[in-house]
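In case it helps, UniProt numbering puts the sequence shown at residues 1 to 749.
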Amino acid sequence: MGVSPENVQWSEQGEKIYFQDRNSRPEDDSIFVLSGKNFNQLHKIARHEKVETHSQYASYSKNKKQKLITDAHQLKIYDITKNETETILELDSAIRNAKFISDQNIAFENNGNLFLLDLKNMKLEKLTNFNKGSAPSDSNKNKNKEETWVEAENLQLLAEVKAKKEASEATKKQRKPADKKFTFYQEDKQLRYLKLSPNLKQIYFSLRLPSKSKSTIVPNYVDESGFTEDLSARPKVGQKPAAEELYVYDLVKDTVFQIDATNLPDLKKLPEFTNDYPEKDWSNWERTLQFSEVKFSDNGNFAVVDVRSNDNKHRWICSINSEDKSLEVLDHQHNEAWIGGPGINAYANYATWDFIPNTDKIYFQSEETGYSHLYSFNLKTETKKALTSGKFEVFNPILSKNGKQWYFTSSEVNSGERHFYSMKLDGSKKQQITSFNGSNLVSLSPDEKQLAILHSTANQPWELYLKKNSAKANPVQITNGVSMEFTAYNWKTPEFITFEAADGAEVQARLYQPTAEVKNNAAVVFVHGAGYLQNAHRWWSSYFREYMFHNLLSDLGYTVIDVDYRGSAGYGAEWRTGIYRHMGGKDLSDQVDAVDFLVEEHGINPEKVGIYGGSYGGFITLMAMFNEAETFAAGAALRSVTDWAHYNHGYTSNILNEPTTDPKAYQKSSPIYFAEGLQGDLLIAHGMIDTNVHFQDVVRLSQRLIELQKDNWEMAVYPIEDHGFTQPSSWIDEYKRILKLFNESLLGD
């Protein structure tokens with residue numbers, strides 16, 4: 001296919017643009033660099049040759065003139081104006097999470113403790129004294145009454161022994177440094193982070209309690225050693241994430257105290273699904289918490305934390321009162337299914353939120369209206385303001401360097417398009433800057449005068465364009481990475497259609513139609529993976545192999561439909577959570593309704609319909625073949641989940657809760673319980689070293705099919721493949737089998 005740019009980044013001076021090739025093989029560590037007056041010079045470098053000053057996650061000084069870089073044991077400062085790098089500190093062990101606290105002070109972690117480096121005099125100060133394990137016991141505390149009395153009596157009678165003890169204690173006091181910090185013993189808890197306040201008076205930190213989760217193993221039968229090697233993999237659902245605690249170390253008082261989070265609203269309220277289990281005793285049920293890193297206003301007056309419940313049904317954005325050790329809720333988000341959506345996410349540390357510079361306001365995203373939008377909250381006036389609104393979603397909002405306006409991407413034009421916008425800080429004067437149909441992913445130049453735009457359409461892969469930061473400016477194409485072999489074929493632009501589901505919902509889909517001359521009245525339904533993913537959009541799909549396969553199928557006479565079923569991304573909270581407690585419910589019925597649409601509107605023979613997909617798409621394929629046998633004559637289930645009780649916790653518990661607390665949800669959502677319904681022809685394909693959806697899933701299902709004496713199925717296994725195939729030979733083999741299945745089962749070839 002040629003070179004397809006991704007992960008675009010500007011150099012600090014704006015004279016170079018870096019990008020990676022999304023089509024490169026995993027072992028290829030090279031990147032591309034564009035330079036020259038018009039960025040018309042392209043060359044390739046190894047990743048280690050990339051300018052060391054270029055890091056997406058580096059910390060900038062407040063005046064934006066310097067940037068911190070950590071390189072293993074070294075701490076470096078890059079002077080942006082001079083384009084020079086200086087190593088300012090080297091230690092014997094790794095330096096982590098280095099941050100500018102002010103233009104003069106840098107804080108960083110080393111060996112589980114926090115240090116402060118004063119750049120003016122290069123003084124290095126250790127701020128904490130964390131110790132893994134428990135506090136040493138006091139020998140006097142372990143003495144019983146008789147032993148204590150004997151010692152006291154002995155010291156009273158023997159003056160020299162008493163004098164010797166007093167001298168020893170005095171010596172110990174003299175040897176103890178006057179500035180020795182309070183020692184905090186972590187016991188068996190894991191220190192997650194250390195965050196120093198701008199006023200240098202408090203250190204906030206979070207501890208993770210021990211987890212009892214048990215990891216799984218995946219056997220690798222084709223290891224280079226010639227022996228079967230076990231690969232360590234994830235725990236299964238029900239192995240709960242560890243609870244966390246939030247603490248403050250008061251540097252002035254030299255003491256540590258825990259923040260009380262027990263009074264968060266609805267913390268102890270039972271989730272609604274428990275109503276389906278009146279026979280269960282829920283008295284011991286509890287909701288544990290996770291805490292994001294604490295963030296501060298520039299003046300240090302406010303500290304804010306994003307708190308999540310581990311069942312992911314609640315999010316509390318809170319200010320921290322270090323005086324009374326409490327949390328004050330600024331915004332409470334609740335979803336009886338699960339918290340999520342663009343900029344919100346399931347994990348607090350990956351959410352979009354922060355303080356607006358030089359203000360007492362924070363910004364964050366919320367699905368309060370049913371769609372993820374941008375909000376601000378003034379901590380002084382305690383008022384919240386919606387900065388965007390409407391039946392669309394906002395992605396990746398950032399502030400301009402002068403802090404006076406926003407930049408963000410949204411789906412306002414169309415749910416299947418992405419455009420870049422600017423907007424005043426207060427939410428006024430929103431302006432669309434990009435205009436190309438499809439998707440426009442923008443990276444701003446350091447001076448914010450130019451946009452590097454990754455653009456694609458449904459039948460044109462990603463290319464890089466440059467444009468002045470103005471709605472009126474015309475983009476200039478910089479890359480032309482498609483190969484001659486790719487351009488030699490007339491790739492189809494799918495039709496973007498909407499059909500009505502049985503419950504009245506409007507469902508988006510891609511439709512690939514054959515010409516009348518080759519139309520065979522057979523249809524194939526493709527089911528995208530991940531669940532929460534959008535594929536009926538108007539840009540180049542991450543499922544580009546499937547896109548090419550759909551072109552082949554339509555050339556052979558098949559009609560192909562690709563549905564953004566319930567649970568897909570891009571359509572708001574209600575659509576996102578439409579599969580709660582029943583995967584294989586509305587997400588499956590949307591596929592059935594798509595077939596009805598094809599039969600009624602496009603003359604498809606209802607007896608000549610197949611279905612296929614991978615991962616979540618493979619799961620839906622199995623549910624379709626087992627539960628909708630009258631609709632689907634053949635199916636290819638690739639890398640499929642067959643029993644959700646064996647998948648990971650983070651993904652599965654959001655949707656189905658936990659197997660021990662909500663077994664009904666798992667039983668009606670897992671294909672293995674419905675295998676007796678198989679009537680059509682089924683192909684099962686799976687990589688044997690899949691550390692995501694384990695090969696064990698299809699092994700268990702195959703045993704179930706054997707016991708049910710089903711004989712119209714077959715399995716293709718790929719010994720050296722993980723969840724995402726990497727070898728072209730494996731992809732070719734898999735898709736040859738899928739095509740053979742459809743040709744034989746639907747056409748009788």
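Note that the Cβ used here is the ideal one computed from N, Cα and C, for glycine as well. Just so you know, these numbers come straight off a predicted model, no measurement behind them.
Q) Would the beta-carbon of Ile-672 fall within 8 Å of that of Leu-701? A) In the sequence shown, the residue the question calls residue 672 occupies position 672. In the sequence shown, the residue the question calls residue 701 occupies position 701. Inclusion of Ile-672 and Leu-701 in the CB contact set at 8 Å is warranted, their separation being smaller than that value.
Q: From the DSSP output, in three-state form, read off Ile-101 for me.
A: To locate residue 101, count along the sequence shown from 1; it is residue 101. Annotated three-state conformation of Ile-101 is coil, per DSSP.
Q | Exposure label - Gln-365; buried when at least 16 CB within 10 Å | A | Locating residue 365 in the sequence shown gives position 365, counting from the first residue. Looking at its Cβ environment, which holds 16 or more other Cβ atoms inside 10 Å, Gln-365 is buried.
Q | Complete runs of the alpha helix (DSSP H) confined to the segment 606-653 [at least 4 residues] | A | Positions of the alpha helix (DSSP H) runs, each at least 4 residues long and wholly inside the segment 606-653, are given as 616-627 in order along the chain.
(Q) Quick check: the Cα distance between Ser-653 and Asn-113, rounded to an integer number of angstroms? (A) On the sequence shown, residue 653 is found 653 positions in, with the first residue counted as 1. On the sequence shown, residue 113 is found 113 positions in, with the first residue counted as 1. Whole-angstrom Cα-Cα distance: 34 Å.
Q: Could you tell me which residues DSSP puts in a beta bridge with Gly-238?
A: Counted from its first residue, the sequence shown places residue 238 at position 238. For Gly-238, which the question treats as bridged, DSSP gives no partner whatsoever.
Q) Pick from Gly-529, Asp-298, Phe-496, Leu-119: whose alpha carbon is nearest that of Leu-196? A) In the sequence shown, counting from the first residue as 1, residue 196 sits at position 196. Nearest C-alpha to Leu-196 among Gly-529, Asp-298, Phe-496, Leu-119: Asp-298.
Q: State buried or exposed for Pro-659, treating a residue as buried only when at least 16 other CB atoms are found within 10 Å of its CB.
A: Residue mapping note: residue 659 aligns to position 659 of the sequence shown, counting from 1. It counts as buried.
Q: Quick one: which unbroken beta strand (DSSP E) runs of 3-plus residues sit fully inside the segment 691-725? Chain order, please.
A: Secondary structure remark: continuous beta strand (DSSP E) runs of at least 3 residues inside the segment 691-725, in chain order: 713-718.
Q. Candidates Ile-106, Leu-552, Lys-181, Phe-619: which alpha carbon is nearest Phe-742's?
A. What you label residue 742 is simply residue 742 of the sequence shown in a count that begins at 1. Taking Phe-742 as reference, the option from Ile-106, Leu-552, Lys-181, Phe-619 with the minimal CA-CA separation is Leu-552.
Q. From this set, Leu-251, Val-717, Leu-209, Asp-593, which residue's C-alpha is nearest Ala-637's C-alpha?
A. If you number the sequence shown from 1, residue 637 lands on position 637. The alpha carbon of Ala-637 has as its nearest neighbour, out of Leu-251, Val-717, Leu-209, Asp-593, the alpha carbon of Val-717.
Q) Which class does Arg-576 belong to by DSSP, given the choice of helix, strand or coil? A) Counted from its first residue, the sequence shown places residue 576 at position 576. DSSP places Arg-576 within a helical segment (H, G or I) once states are collapsed to three.
Q: Would you grab the beta carbon distance between Gly-677 and Asn-627 for me? Rounded to a whole angstrom, and I think it's under 8 Å.
A: In the sequence shown, residue 677 corresponds to position 677, counting from 1. In the sequence shown, residue 627 corresponds to position 627, counting from 1. With a Cβ gap of about 6 Å, Gly-677 and Asn-627 count as contacting.
(Q) With H, G and I counted as helix, E and B as strand and the rest as coil, what does DSSP make of Met-423? (A) The residue given as residue 423 occupies position 423 in the sequence shown. In the structure shown, Met-423 sits in a strand (DSSP, three-state: E or B).
Q: State the Cα-Cα distance for the pair Gln-239 and Ala-645, rounded to the nearest angstrom.
A: Sequence index remark: in the sequence shown, residue 239 carries index 239 (1-based). Sequence index remark: in the sequence shown, residue 645 carries index 645 (1-based). C-alpha separation (whole angstroms): 11 Å.
Q: From the DSSP output, read off the bridge partner residues of Pro-219.
A: Here residue 219 is taken as the residue at index 219 of the sequence shown, counted from 1. According to DSSP, Pro-219 bridges with Asp-230.
Q: Check His-602 in the structure and name its three-state DSSP category.
A: In the sequence shown, counting from the first residue as 1, residue 602 sits at position 602. Helix, per DSSP.
**Q.** 8 Å contact criterion, which Ile-69 and Ala-58 should meet: CB distance rounded
**A.** Here residue 69 corresponds to residue number 69 of the sequence shown, with the count starting at 1. Here residue 58 corresponds to residue number 58 of the sequence shown, with the count starting at 1. Sure, about 6 Å apart at Cβ, within 8 Å.
Q: Look up Phe-597 in the DSSP assignment and say whether it is helix, strand or coil.
A: Locating residue 597 in the sequence shown gives position 597, where the first residue counts as 1. Reduced to three states, the DSSP call for Phe-597 is helix.
**Q.** Residue range of the beta strand (DSSP E) that includes Tyr-735
**A.** Along the sequence shown, one-based indexing puts residue 735 at 735. Tyr-735 -> not in any beta strand (DSSP E); alpha helix (DSSP H) instead, spanning 728-746.
**Q.** Unbroken alpha helix (DSSP H) run spanning Gln-667, endpoints
**A.** Indexing the sequence shown from 1 puts residue 667 at position 667. Its alpha helix (DSSP H) spans residues 663-667.
Q. In the structure shown, what three-state DSSP assignment does Gln-13 receive?
A. The sequence position of residue 13 within the sequence shown is 13, counting from 1. For Gln-13, the three-state secondary structure derived from DSSP is coil.
Q) Can at least three beta-carbon pairs, one atom from the segment 317-331 and one from the segment 500-510, be found at a separation below 8 Å? A) In this structure the segment 317-331 does not touch the segment 500-510; the number of beta carbon pairs closer than 8 Å is below three.
Q: Note down the Cα distance separating Lys-123 from Tyr-60, rounded to an integer number of angstroms.
A: Numbered from 1 along the sequence shown, position 123 holds the residue referred to as residue 123. Numbered from 1 along the sequence shown, position 60 holds the residue referred to as residue 60. Straight-line measurement puts the Cα of Tyr-60 at about 20 Å from the Cα of Lys-123.
Q: Take Pro-719 and list the residues in its own chain whose beta-carbon comes closer than 7 Å to its own, dropping the five residues that flank it on each side.
A: Counted from its first residue, the sequence shown places residue 719 at position 719. Taken in chain order, the residues that qualify are Tyr-221, Val-222, Met-688.
Q: State the start and end residues of the unbroken alpha helix (DSSP H) segment that holds Asp-254.
A: Residue numbering aside, residue 254 sits at position 254 when the sequence shown is read from its first letter. Segment: none, Asp-254 is in no alpha helix (DSSP H) and carries neither H nor E.
Q: Mind the definition here: the segment 519-528 touches the segment 551-565 only if three or more C-beta pairs lie below 8 Å; say whether that holds.
A: Yes, the segment 519-528 is in contact with the segment 551-565.
Q: Would you mind sorting Val-693 into buried or exposed? The rule is 16 or more other CB atoms within 10 Å of its CB.
A: Taking the first residue of the sequence shown as position 1, residue 693 is located at position 693. Buried.
Q) If Ala-629 sits next to Ser-745, beta carbons under 8 Å apart, how far is it from one beta carbon to the other, in whole angstroms? A) Against the sequence shown, residue 629 aligns to sequence position 629. Against the sequence shown, residue 745 aligns to sequence position 745. Taking the Cβ atoms as the reference, Ala-629 lies roughly 13 Å from Ser-745, outside the contact range of under 8 Å.
Q. Considering only the beta carbon of each residue, do Ala-98 and His-73 sit closer than 8 Å?
A. On the sequence shown, residue 98 is found 98 positions in, with the first residue counted as 1. On the sequence shown, residue 73 is found 73 positions in, with the first residue counted as 1. The answer is no: Cβ separation not under 8 Å.
**Q.** Helix, strand or coil at Pro-5 according to DSSP, with G and I counted as helix
**A.** For the purposes of this step, residue 5 is identified with residue 5 of the sequence shown, where counting begins at 1. The answer is strand: DSSP assigns Pro-5 an E or B state.
Q: Return the CA-CA distance between Asn-301 and Lys-404, expressed in angstroms with no decimal places.
A: What you label residue 301 is simply residue 301 of the sequence shown in a count that begins at 1. What you label residue 404 is simply residue 404 of the sequence shown in a count that begins at 1. Going by the C-alpha atoms only, they are around 22 Å apart.
(Q) Please report the distance separating the alpha-carbon of Ile-259 from that of Glu-546. (A) On the sequence shown, position 259 is the one that residue 259 refers to. On the sequence shown, position 546 is the one that residue 546 refers to. A direct Cα-Cα distance of roughly 51 Å separates Ile-259 from Glu-546.
Q. Are the CB atoms of Glu-272 and Pro-342 nearer to each other than 8 Å?
A. Here residue 272 corresponds to residue number 272 of the sequence shown, with the count starting at 1. Here residue 342 corresponds to residue number 342 of the sequence shown, with the count starting at 1. No, the Cβ-Cβ distance between Glu-272 and Pro-342 is not below 8 Å.
Q.
Alpha carbons only, please: which of Leu-598, His-43, Ile-17, Asn-23 is nearest the one belonging to Thr-726?
A. As a first step, residue 726 is located in the sequence shown; it is residue number 726 there, counting from the start. The shortest CA-to-CA distance from Thr-726 to any of Leu-598, His-43, Ile-17, Asn-23 is the one to Asn-23.
Q. Which value, in whole angstroms, describes the spacing of the CA atoms of Ser-415 and Asn-275?
A. Looking up residue 415 in the sequence shown gives position 415. Looking up residue 275 in the sequence shown gives position 275. Cα to Cα, the separation comes out at about 36 Å.
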